[in-house]
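In the UniProt record's numbering, the protein residues as written are 1 to 96.
Glycine is no exception: its CB is placed at the ideal position from the N, C-alpha and C atoms.
Data block below; observations after.
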């Protein structure tokens with residue numbers, strides 16, 4: 001899908017489903033999910049009011065901002081973006 005005009009859309013990765021095993025019929029699925037850390041509303045309003053280029057930088061910082069967790073059966077552990085990006089992803093989930 002392409003856009004002819006307007007600002008580019010920014011999507012942030014917020015979850016990764018991983019499969020470990022030899023086939024999709026056998027093995028184990030687990031996931032990584034990002035819990036966002038948002039800037040305060042007053043800071044967001046300031047960034048938007050300050051300038052349009054600041055808005056783009058603000059959106060990029062928001063997309064990369066957050067804490068990653070690995071969810072594996074009943075276990076939830078803190079993770080980091082390097083661990084997530086080193087996985088063989090089965091499904092990627094993005095948020096606008």
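| query | result |
| --- | --- |
| Do residue 11 and residue 90 have their C-beta atoms within less than 8 Å of each other? | no |
| Just reading off the beta strand (DSSP E) that residue 17 is part of, what are its end residues? | 12-23 |
| Going by Cα to Cα distance, which pick from 28, 73, 69 and 76 is closest to residue 84? | 69 |
| Which residues does DSSP pair with residue 8 in a beta bridge? | Bridge partners of residue 8: none, in fact. |
| CA-CA distance, residue 73 and residue 66? | 22 Å |
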